[in-house]
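Asker: When we follow UniProt numbering, the leftmost residue of the sequence shown carries the number 1, and every step to the right adds one.
Built from N, CA and C at the ideal position, the CB exists for glycine as well.
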Amino acid sequence: MDKIRALIVFRRVVELGSFVAAADDLNLSKAAVSRNINELESYLGCPLINRTTRHLHITDNGQLYYQQVCNVLDALKNADQSVIESSHTLKGKLKISAPMSLGIVEINPIICAFMQEHPELTIDW
């Protein structure tokens with residue numbers, strides 16, 4: 001069982017209230033959605049969703065699990081976003097070698113603007 005996929009499927013089933021709607025939303029077959037939920041329930045040893053031919057009802061354990069699943073998936077999304085943002089941030093030391101006259105007159109205003117855009121970067125003259 002792909003646990004993260006199963007958690008995503010479970011979350012969407014609860015939020016959309018339907019296996020078919022979750023399948024459409026996730027671009028999966030209804031059978032794949034059903035299989036993910038069944039595997040998750042089997043793994044946990046308890047039903048999360050009571051199903052009939054027309055309705056589904058989230059069990060008490062399903063509600064509790066849903067809240068925890070949302071926390072986990074949101075934390076995972078935040079972790080991904082943090083790394084993505086961090087990888088686009090310039091960090092470290094930039095060493096500049098230039099004649100003083102050029103540095104003071106020409107380069108200094110450019111470096112000041114650059115430093116404001118990239119506060120985690122340090123300059124070594």
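What's the call for G62, buried or exposed, on a 16-neighbour Cβ count within 10 Å?
Answerer: By 1-based counting over the sequence shown, the position of residue 62 is 62. So G62 counts as buried.
Asker: Would you say N50 and L44 are within 8 Å of each other, going by their C-beta atoms?
Answerer: Stepping through the sequence shown from its first residue, residue 50 is reached at position 50. Stepping through the sequence shown from its first residue, residue 44 is reached at position 44. Not in contact: N50 and L44 (Cβ atoms no closer than 8 Å).
Asker: Could you check where the beta strand (DSSP E) with L121 kicks off and where it finishes?
Answerer: Translated into the one-based positions of the sequence shown, residue 121 becomes position 121. Note, L121: beta strand (DSSP E), 121-124.
Asker: Smallest Cα separation from L40: which of M100, E15, A6, S97?
Answerer: Position 40 of the sequence shown, counted from the start, is the residue given in the question as residue 40. The shortest Cα separation from L40 among M100, E15, A6, S97 belongs to A6.
Asker: On the DSSP bridge list, what partners appear for K91?
Answerer: Counting from 1 along the sequence shown, the entry for residue 91 is found at position 91. DSSP output for K91 lists no bridge partner at all.
Asker: Spatial neighbours of I111 within its chain, please: CB distance less than 8 Å, with the 5 preceding and 5 following residues excluded, ordered by chain position.
Answerer: Indexing the sequence shown from 1 puts residue 111 at position 111. Answer for I111: I96, I123, listed in chain order.
Asker: By how many angstroms is the C-alpha of P109 removed from the C-alpha of Y65?
Answerer: Along the sequence shown, one-based indexing puts residue 65 at 65. Along the sequence shown, one-based indexing puts residue 109 at 109. Between Y65 and P109, the C-alpha separation is close to 55 Å.
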